[in-house]
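Numbering (this note's numbering), first residue to last: 595 to 906.
Idealized CB from N, CA, C, for every residue including glycine.
Here you go:
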(Lines of atoms letter the chains of each structure in order from A; the text may use other names.)
(Lines give C-alpha, C1' and ligand atoms only; values in the text may rest on other atoms or scores of the structure.)
Protein backbone atom coordinates (compact mmCIF):
# COMPACT_ATOMS: atom_id res chain seq x y z
CA UNK A 595 0.00 0.00 0.00
CA UNK A 596 1.46 3.34 -0.96
CA UNK A 597 2.42 6.00 1.55
CA UNK A 598 -0.20 8.58 2.34
CA UNK A 599 0.04 12.34 2.63
CA UNK A 600 -2.34 15.18 1.90
CA UNK A 601 -0.32 17.00 -0.71
CA UNK A 602 -2.41 18.14 -3.64
CA UNK A 603 -1.74 15.31 -6.14
CA UNK A 604 -3.03 12.62 -3.78
CA UNK A 605 -6.10 14.22 -2.25
CA UNK A 606 -8.53 12.25 -4.41
CA UNK A 607 -6.83 9.01 -3.40
CA UNK A 608 -6.99 9.90 0.28
CA UNK A 609 -10.66 10.85 0.03
CA UNK A 610 -11.26 7.37 -1.37
CA UNK A 611 -9.07 5.88 1.36
CA UNK A 612 -11.07 7.67 4.06
CA UNK A 613 -14.25 6.07 2.76
CA UNK A 614 -12.47 2.71 2.57
CA UNK A 615 -11.40 3.01 6.20
CA UNK A 616 -14.95 3.73 7.34
CA UNK A 617 -16.50 0.96 5.25
CA UNK A 618 -13.95 -1.60 6.47
CA UNK A 619 -14.46 -0.49 10.03
CA UNK A 620 -18.13 -1.38 9.88
CA UNK A 621 -17.14 -5.02 9.76
CA UNK A 622 -14.66 -4.39 12.57
CA UNK A 623 -17.52 -3.09 14.69
CA UNK A 624 -19.26 -6.44 14.40
CA UNK A 625 -16.53 -7.74 16.70
CA UNK A 626 -16.66 -6.88 20.39
CA UNK A 627 -15.46 -3.29 20.76
CA UNK A 628 -14.77 -1.93 24.23
CA UNK A 629 -15.68 1.75 24.36
CA UNK A 630 -14.93 4.35 27.04
CA UNK A 631 -17.15 4.00 30.08
CA UNK A 632 -18.19 5.99 33.12
CA UNK A 633 -14.89 5.31 34.86
CA UNK A 634 -13.50 8.27 32.89
CA UNK A 635 -13.95 11.74 34.38
CA UNK A 636 -13.49 14.84 32.20
CA UNK A 637 -12.00 17.73 34.20
CA UNK A 638 -10.27 21.08 33.71
CA UNK A 639 -7.24 22.72 35.25
CA UNK A 640 -6.11 26.35 35.08
CA UNK A 641 -2.37 26.72 34.62
CA UNK A 642 -0.16 29.44 36.03
CA UNK A 643 0.02 31.05 32.58
CA UNK A 644 -3.78 31.43 32.52
CA UNK A 645 -4.41 28.63 30.01
CA UNK A 646 -7.16 26.16 30.91
CA UNK A 647 -6.65 22.55 29.87
CA UNK A 648 -9.25 19.82 29.63
CA UNK A 649 -8.15 16.34 30.65
CA UNK A 650 -9.61 12.91 31.28
CA UNK A 651 -8.74 10.79 34.29
CA UNK A 652 -9.59 7.32 35.53
CA UNK A 653 -8.34 4.81 38.05
CA UNK A 654 -6.94 4.58 41.56
CA UNK A 655 -5.82 8.03 42.83
CA UNK A 656 -2.91 6.34 44.59
CA UNK A 657 -1.97 4.02 41.74
CA UNK A 658 1.01 4.22 39.38
CA UNK A 659 0.53 7.17 37.02
CA UNK A 660 0.31 7.23 33.23
CA UNK A 661 -0.01 10.62 31.49
CA UNK A 662 -0.93 10.55 27.78
CA UNK A 663 -0.56 13.30 25.16
CA UNK A 664 -2.28 13.25 21.77
CA UNK A 665 -1.23 14.24 18.26
CA UNK A 666 -2.03 17.29 16.15
CA UNK A 667 -5.73 17.80 15.53
CA UNK A 668 -6.77 15.38 18.27
CA UNK A 669 -7.76 15.58 21.95
CA UNK A 670 -7.77 13.25 24.93
CA UNK A 671 -10.25 11.17 22.94
CA UNK A 672 -7.25 9.92 20.96
CA UNK A 673 -6.90 7.36 23.76
CA UNK A 674 -10.58 6.39 23.87
CA UNK A 675 -9.76 2.85 22.71
CA UNK A 676 -6.93 2.54 25.26
CA UNK A 677 -8.66 3.77 28.44
CA UNK A 678 -10.98 0.73 28.81
CA UNK A 679 -8.03 -1.66 28.48
CA UNK A 680 -5.96 -0.18 31.30
CA UNK A 681 -6.26 -1.71 34.79
CA UNK A 682 -8.28 0.24 37.36
CA UNK A 683 -5.26 0.03 39.65
CA UNK A 684 -3.49 2.67 37.53
CA UNK A 685 -4.12 6.41 37.68
CA UNK A 686 -4.41 7.43 34.03
CA UNK A 687 -4.54 10.99 32.70
CA UNK A 688 -5.02 12.04 29.07
CA UNK A 689 -4.46 15.75 28.54
CA UNK A 690 -5.94 17.83 25.72
CA UNK A 691 -3.18 20.17 24.57
CA UNK A 692 -3.76 23.91 24.20
CA UNK A 693 -5.51 24.82 20.95
CA UNK A 694 -7.37 21.50 20.84
CA UNK A 695 -10.69 20.08 22.00
CA UNK A 696 -12.16 21.75 25.07
CA UNK A 697 -8.86 23.27 26.18
CA UNK A 698 -8.25 26.99 25.59
CA UNK A 699 -7.48 28.07 22.02
CA UNK A 700 -5.00 30.98 22.19
CA UNK A 701 -4.12 32.72 18.93
CA UNK A 702 -0.41 32.00 19.44
CA UNK A 703 1.94 30.04 21.67
CA UNK A 704 2.27 26.73 19.85
CA UNK A 705 5.99 26.05 20.13
CA UNK A 706 7.15 22.80 21.68
CA UNK A 707 8.42 24.81 24.64
CA UNK A 708 4.92 26.30 25.14
CA UNK A 709 3.29 22.86 25.11
CA UNK A 710 5.96 21.38 27.39
CA UNK A 711 5.59 24.25 29.86
CA UNK A 712 1.88 23.49 30.10
CA UNK A 713 2.52 19.82 30.84
CA UNK A 714 5.23 20.51 33.42
CA UNK A 715 2.81 22.84 35.24
CA UNK A 716 0.08 20.19 34.99
CA UNK A 717 2.41 17.64 36.62
CA UNK A 718 3.36 20.16 39.31
CA UNK A 719 -0.20 21.15 40.19
CA UNK A 720 -1.39 17.55 40.46
CA UNK A 721 1.71 16.56 42.46
CA UNK A 722 2.49 13.80 40.00
CA UNK A 723 5.66 11.81 40.55
CA UNK A 724 7.09 8.60 39.07
CA UNK A 725 4.90 8.95 35.98
CA UNK A 726 5.04 7.22 32.63
CA UNK A 727 4.64 9.97 30.01
CA UNK A 728 3.15 8.79 26.70
CA UNK A 729 3.07 10.99 23.60
CA UNK A 730 1.80 10.41 20.07
CA UNK A 731 3.15 12.41 17.09
CA UNK A 732 2.93 16.08 18.17
CA UNK A 733 2.44 14.80 21.71
CA UNK A 734 5.65 12.79 21.35
CA UNK A 735 7.59 15.97 20.59
CA UNK A 736 6.03 17.60 23.64
CA UNK A 737 6.91 14.53 25.70
CA UNK A 738 10.50 14.67 24.45
CA UNK A 739 10.76 18.31 25.53
CA UNK A 740 9.22 17.56 28.94
CA UNK A 741 11.66 14.69 29.48
CA UNK A 742 14.61 16.89 28.47
CA UNK A 743 13.61 19.49 31.07
CA UNK A 744 12.12 17.24 33.75
CA UNK A 745 13.28 17.62 37.33
CA UNK A 746 11.78 14.47 38.82
CA UNK A 747 8.22 13.87 37.61
CA UNK A 748 9.00 11.06 35.17
CA UNK A 749 10.24 7.51 35.54
CA UNK A 750 9.55 6.40 31.96
CA UNK A 751 8.89 7.85 28.49
CA UNK A 752 6.84 6.35 25.65
CA UNK A 753 6.91 7.83 22.13
CA UNK A 754 4.34 6.72 19.52
CA UNK A 755 4.86 7.60 15.86
CA UNK A 756 7.74 9.90 16.69
CA UNK A 757 10.89 11.20 15.08
CA UNK A 758 14.09 13.03 15.97
CA UNK A 759 12.34 16.38 15.78
CA UNK A 760 14.76 17.84 13.25
CA UNK A 761 13.85 19.57 10.00
CA UNK A 762 14.24 17.32 6.96
CA UNK A 763 14.00 18.98 3.57
CA UNK A 764 11.50 17.29 1.29
CA UNK A 765 10.07 15.07 4.01
CA UNK A 766 6.50 13.82 4.03
CA UNK A 767 6.16 15.72 7.31
CA UNK A 768 6.45 18.95 5.31
CA UNK A 769 3.97 17.67 2.73
CA UNK A 770 1.43 16.95 5.44
CA UNK A 771 1.82 20.23 7.32
CA UNK A 772 1.95 22.57 4.32
CA UNK A 773 -1.88 22.73 3.93
CA UNK A 774 -2.13 23.98 7.53
CA UNK A 775 -1.09 27.49 6.52
CA UNK A 776 -3.96 27.76 4.03
CA UNK A 777 -6.72 26.81 6.45
CA UNK A 778 -9.44 29.27 7.46
CA UNK A 779 -12.30 28.89 9.91
CA UNK A 780 -14.43 26.86 9.96
CA UNK A 781 -12.04 24.01 9.20
CA UNK A 782 -13.58 21.94 6.38
CA UNK A 783 -14.83 18.43 7.08
CA UNK A 784 -12.95 17.14 4.03
CA UNK A 785 -9.63 18.43 5.39
CA UNK A 786 -10.26 16.89 8.81
CA UNK A 787 -11.34 13.58 7.27
CA UNK A 788 -8.38 13.35 4.89
CA UNK A 789 -5.90 14.41 7.55
CA UNK A 790 -7.06 11.72 9.96
CA UNK A 791 -7.21 9.10 7.20
CA UNK A 792 -3.60 9.87 6.26
CA UNK A 793 -2.43 8.77 9.72
CA UNK A 794 -3.87 5.24 9.70
CA UNK A 795 -3.22 2.07 7.72
CA UNK A 796 -5.17 -0.64 9.53
CA UNK A 797 -8.90 0.22 9.63
CA UNK A 798 -10.41 1.57 12.84
CA UNK A 799 -14.08 1.47 13.95
CA UNK A 800 -16.35 3.96 12.19
CA UNK A 801 -17.55 5.53 15.46
CA UNK A 802 -13.95 6.22 16.47
CA UNK A 803 -12.85 7.57 13.09
CA UNK A 804 -15.78 9.99 12.88
CA UNK A 805 -15.17 11.12 16.46
CA UNK A 806 -11.56 11.96 15.62
CA UNK A 807 -12.59 13.77 12.44
CA UNK A 808 -14.87 15.88 14.63
CA UNK A 809 -11.98 16.61 17.00
CA UNK A 810 -9.83 17.77 14.07
CA UNK A 811 -12.62 20.08 12.91
CA UNK A 812 -12.83 21.54 16.41
CA UNK A 813 -9.24 22.80 16.15
CA UNK A 814 -9.28 26.41 14.88
CA UNK A 815 -7.23 27.57 11.91
CA UNK A 816 -4.92 29.64 14.15
CA UNK A 817 -3.89 26.48 15.98
CA UNK A 818 -3.20 24.64 12.73
CA UNK A 819 -1.05 27.57 11.57
CA UNK A 820 0.95 27.45 14.79
CA UNK A 821 1.32 23.68 14.61
CA UNK A 822 2.74 23.87 11.10
CA UNK A 823 5.54 26.11 12.30
CA UNK A 824 6.12 24.04 15.45
CA UNK A 825 6.39 20.71 13.66
CA UNK A 826 8.76 21.99 10.98
CA UNK A 827 11.28 23.42 13.48
CA UNK A 828 12.66 20.98 16.01
CA UNK A 829 15.34 20.48 18.62
CA UNK A 830 18.92 19.47 17.94
CA UNK A 831 19.85 15.85 18.43
CA UNK A 832 21.98 16.90 21.39
CA UNK A 833 18.78 17.75 23.27
CA UNK A 834 17.61 14.15 23.01
CA UNK A 835 20.70 13.04 24.92
CA UNK A 836 19.29 14.86 27.97
CA UNK A 837 16.51 12.27 28.26
CA UNK A 838 17.62 10.06 31.16
CA UNK A 839 14.61 7.80 31.73
CA UNK A 840 13.91 4.43 30.07
CA UNK A 841 12.19 5.15 26.76
CA UNK A 842 10.04 2.91 24.56
CA UNK A 843 9.48 3.81 20.90
CA UNK A 844 6.33 2.52 19.20
CA UNK A 845 6.42 2.65 15.41
CA UNK A 846 4.12 1.26 12.72
CA UNK A 847 5.96 -0.03 9.67
CA UNK A 848 3.39 1.68 7.41
CA UNK A 849 3.80 5.06 9.14
CA UNK A 850 3.41 7.67 6.39
CA UNK A 851 5.19 10.41 8.35
CA UNK A 852 8.14 8.93 10.23
CA UNK A 853 10.31 6.17 8.86
CA UNK A 854 12.63 3.48 10.16
CA UNK A 855 15.66 5.75 9.86
CA UNK A 856 13.90 8.19 12.20
CA UNK A 857 13.55 5.42 14.77
CA UNK A 858 17.23 4.54 14.36
CA UNK A 859 18.14 8.18 14.99
CA UNK A 860 16.07 8.22 18.18
CA UNK A 861 17.65 4.95 19.32
CA UNK A 862 21.14 6.36 18.78
CA UNK A 863 20.47 9.61 20.62
CA UNK A 864 18.18 8.71 23.54
CA UNK A 865 20.42 6.85 26.00
CA UNK A 866 17.93 4.21 27.24
CA UNK A 867 15.66 3.75 24.22
CA UNK A 868 14.08 0.54 22.90
CA UNK A 869 11.94 0.05 19.77
CA UNK A 870 8.69 -1.86 19.26
CA UNK A 871 7.70 -1.96 15.61
CA UNK A 872 4.29 -3.13 14.38
CA UNK A 873 3.81 -4.56 10.86
CA UNK A 874 0.79 -3.55 8.79
CA UNK A 875 0.22 -0.55 11.06
CA UNK A 876 0.31 3.18 10.40
CA UNK A 877 1.18 6.39 12.22
CA UNK A 878 -1.71 6.25 14.73
CA UNK A 879 -0.60 2.93 16.16
CA UNK A 880 -2.64 3.11 19.37
CA UNK A 881 -5.81 3.74 17.35
CA UNK A 882 -5.17 0.77 15.09
CA UNK A 883 -3.82 -1.80 17.56
CA UNK A 884 -5.09 -0.72 21.01
CA UNK A 885 -5.01 -4.19 22.58
CA UNK A 886 -1.43 -4.94 21.57
CA UNK A 887 -0.32 -1.39 22.34
CA UNK A 888 -1.79 -1.49 25.84
CA UNK A 889 -0.29 -4.90 26.58
CA UNK A 890 3.17 -3.78 25.42
CA UNK A 891 2.86 -0.52 27.35
CA UNK A 892 2.06 -2.34 30.59
CA UNK A 893 4.94 -4.79 30.14
CA UNK A 894 7.32 -1.85 29.67
CA UNK A 895 6.02 -0.06 32.76
CA UNK A 896 6.16 -3.14 34.97
CA UNK A 897 9.64 -4.11 33.77
CA UNK A 898 10.99 -0.65 34.58
CA UNK A 899 9.93 -0.25 38.20
CA UNK A 900 6.32 0.67 37.41
CA UNK A 901 4.77 -0.01 40.81
CA UNK A 902 5.46 3.34 42.46
CA UNK A 903 2.47 5.45 43.44
CA UNK A 904 1.59 9.03 42.61
CA UNK A 905 2.06 10.19 46.20
CA UNK A 906 4.09 8.74 49.09
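**OP:** Check whether the stretch 831 to 846 touches the stretch 805 to 820, taking contact to mean three or more Cβ pairs, one atom from each stretch, closer than 8 angstroms.
**Re:** no
Original post:
If you scan the stretch 749 to 811 from start to end, which runs of the alpha helix (DSSP H) of 4 or more residues do you find wholly inside it?
Top reply: 766 to 771 and 783 to 791
Subject >> Of the residues 685, 674, 715 and 798, the one placed nearest residue 647, counting alpha carbons only >> reply: 715
**OP:** Mind the definition here: the stretch 741 to 753 touches the stretch 785 to 802 only if three or more C-beta pairs lie below 8 angstroms; say whether that holds.
**Re:** no
Original post:
residue 674 to residue 701, Cα distance in whole Å?
Top reply: 28 angstroms
Original post:
Per DSSP, what kind of secondary structure is residue 693 in: helix, strand or coil?
Top reply: coil
Subject >> Contact set for residue 814: own chain, Cβ-Cβ below 8 angstroms, skip 5 residues either direction >> reply: 693, 699, 779 and 781
**OP:** Report yes or no: do three or more beta-carbon pairs, one from the stretch 653 to 667 and one from the stretch 726 to 742, lie closer than 8 angstroms?
**Re:** yes
**OP:** Can you give me the Cβ contacts of residue 635 inside the same chain, cut-off strictly under 8 angstroms, excluding the 5 residues immediately before and after it?
**Re:** 650, 651 and 652
Original post:
So what does residue 892 bridge to, in DSSP terms?
Top reply: Paired residues: none, contrary to the question.
Original post:
Between which two residues does the alpha helix (DSSP H) harbouring residue 863 extend?
Top reply: 854 to 863
**OP:** Rounded to whole angstroms, what's the CA-CA distance from residue 873 to residue 884? Just pull it up for me.
**Re:** 14 angstroms
Subject >> Three-state class that DSSP yields for residue 722 in the structure shown >> reply: coil
Subject >> Under 8 angstroms between C-beta atoms of residue 712 and residue 641 >> reply: yes
Original post:
What residue does the beta strand (DSSP E) around residue 871 start on, and which one ends it?
Top reply: 867 to 872
Subject >> Terminal residues of the beta strand (DSSP E) in which residue 659 lies >> reply: 659 to 663
Subject >> Bridge partners - residue 833, DSSP secondary structure assignment >> reply: According to DSSP, which records beta bridges pairwise, residue 833 is partnered with nothing at all.
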